[in-house]
Structure formats: structure tokens, C-alpha cells
Amino acid sequence: MYKLKNYMEILVDQMYDEATQDMDICKCPRCVLDVKAIALNTLKPRYIVADENYLYVKISMMQQQYKADIISAITKGTMIVSEEPRHD
Ligand SMILES: [Zn+2]
């Protein structure tokens, strides 16, 4: 079955833990989502039409290509969120 996916969203989800492991930041669900939202607004969306198998192959290829950009976008997100966290 074919699906339309923004694989940047999948990559940001996958790389979030690695990118933030050494950072002293709030890990509550609201802050995590805010950081991901900022990162995804920074990165250009990359849509593909793929079945599950192809998606898996494509994601691992793209992870290498965009790794530095994604880590930098997540880092930017954490800085903005820690300055003005929106959790209760
Ligand atoms: Zn928080």
C-alpha cells in the first residue's frame, strides 16, 4: 500500500533522542513536541510516495544526507523552547 509521507518528520522523530541526549532540557511531552515543531518548520519538507519497504530504505539513505541539518534544526528548537517553555 502506498502512502504519502514527509520523511523529514520521521527523521526528526527518529533523531530527537540522539540529538538531545547531552542537552540539559525539559523532557516533558509539551516541550518535546514544541522542539520538533520548530525543527520541522526550519527544515524543508520532503514528501515521498512509498510503500513500507521502500520508505524504510529511503529513510536510512536520507538520514545520512540530512543528519547535520536535522541535528542543527533540533538544537535551534531546544534553545528557543528552553528560553520560553510553554508547559504548565
Ligand atoms: Zn517542559
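The opening residue of the sequence shown carries number 37 in the numbering used here; numbering runs sequentially from there. Note that the Cβ used here is the ideal one computed from N, Cα and C, for glycine as well. This one's a predicted model, so the numbers in the text were calculated from it and none came from an experiment.
Exercise for the section: Measuring alpha carbon to alpha carbon, tell me which of 62, 101, 93 ends up nearest residue 114. Expected result: Of the listed residues, the one whose Cα sits closest to residue 114 is 62.
Handout entry: Of the listed residues 71, 66, 81, nearest to residue 41 (C-alpha basis)
Key = The shortest Cα separation from residue 41 among 71, 66, 81 belongs to 81.
Exercise for the section: Kindly provide the ranges of any alpha helix (DSSP H) runs that are 4 or more residues long and lie completely inside the segment 56 to 122, ordered along the chain. Expected result: Those alpha helix (DSSP H) runs which fall completely within the segment 56 to 122 and span 4+ residues are 65 to 78, 88 to 119.
Exercise for the section: Return the chain-ordered list of same chain residues with a C-beta closer than 8 Å to the C-beta of residue 122, the five sequence neighbours on each side being excluded. Expected result: The answer, listed in chain order, is 66, 67, 70.
Practice task
Please name the residue in 112, 44, 88 whose C-alpha comes closest to that of residue 98.
Solution key: Per the C-alpha coordinates, the member of 112, 44, 88 positioned closest to residue 98 is 44.
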